[in-house]
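Here is the structure we will look at, set down as C-alpha cells.
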Amino acid sequence: MDRPITASDANQRFSEMLREVTRGERFVVTSRGRPVARITPVDGEGDQAAAVASLLAFLETRPARRLDGWTRDDLYA
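Residue numbers (our numbering): 807 to 883.
Dropping the structure here:
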C-alpha cells in the first residue's frame with residue numbers, strides 16, 4: 807500500500823524516503839491534499855506492464871474510428 811507524504815515532508819526527508827523505497831516502501835506525494843506523484847522501487851515496473859495490458863484490453867472493446875480522407879503520407883508527413 808502507498809504511504810501518503812506531503813511534498814514538504816518529502817523534500818525534508820528525501821534521503822530517508824529513498825532508503826525506505828529501496829526496502830520496498832511506496833509513497834504517494836501530495837500537494838494541498840491532492841496526490842501529485844508516486845515514488846516506487848524500480849522493480850515495481852510490473853505495475854506499468856499491468857497498466858499497459860489493461861489499457862490495451864480496454865481499447866480493444868472500443869469501436870474503431872474511420873479516418874476517411876487521410877492517406878498514409880498525410881499521417882506520416
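Backbone N, C-alpha and C fix where the C-beta goes; we use that ideal spot for every residue, glycine too.
Here the structure is a predicted model, which is why all the values come from computation and not from measurement.
Cβ neighbours of residue i in the same chain (closer than 8 Å, five flanking residues each side left out)
| i | result |
| --- | --- |
| Val842 | Ala813, Val835 and Thr836 |
| Ile811 | Arg819, Met823, Phe833, Val834, Val835 and Thr836 |
Status (buried if at least 16 other CB within 10 Å, exposed otherwise) for residue i
| i | result |
| --- | --- |
| Met823 | buried |
Length of the line joining the Cα atoms of residue i and residue j
| i | j | result |
| --- | --- | --- |
| Arg809 | Arg832 | 6 Å |
| Ala883 | Glu866 | 27 Å |
| Arg878 | Arg872 | 13 Å |
| Asp880 | Leu861 | 27 Å |
| Pro869 | Ser821 | 48 Å |
As assigned by DSSP and simplified to three states, the class of residue i
| i | result |
| --- | --- |
| Thr867 | helix |
Close Cβ partners of residue i (< 6 Å) along its chain, the five nearest in sequence each way excluded
| i | result |
| --- | --- |
| Thr846 | Arg832 |
| Arg844 | Val834 |
7 Å Cβ shell around residue i - same chain, five flanking residues per side excluded
| i | result |
| --- | --- |
| Gly830 | Pro847 |
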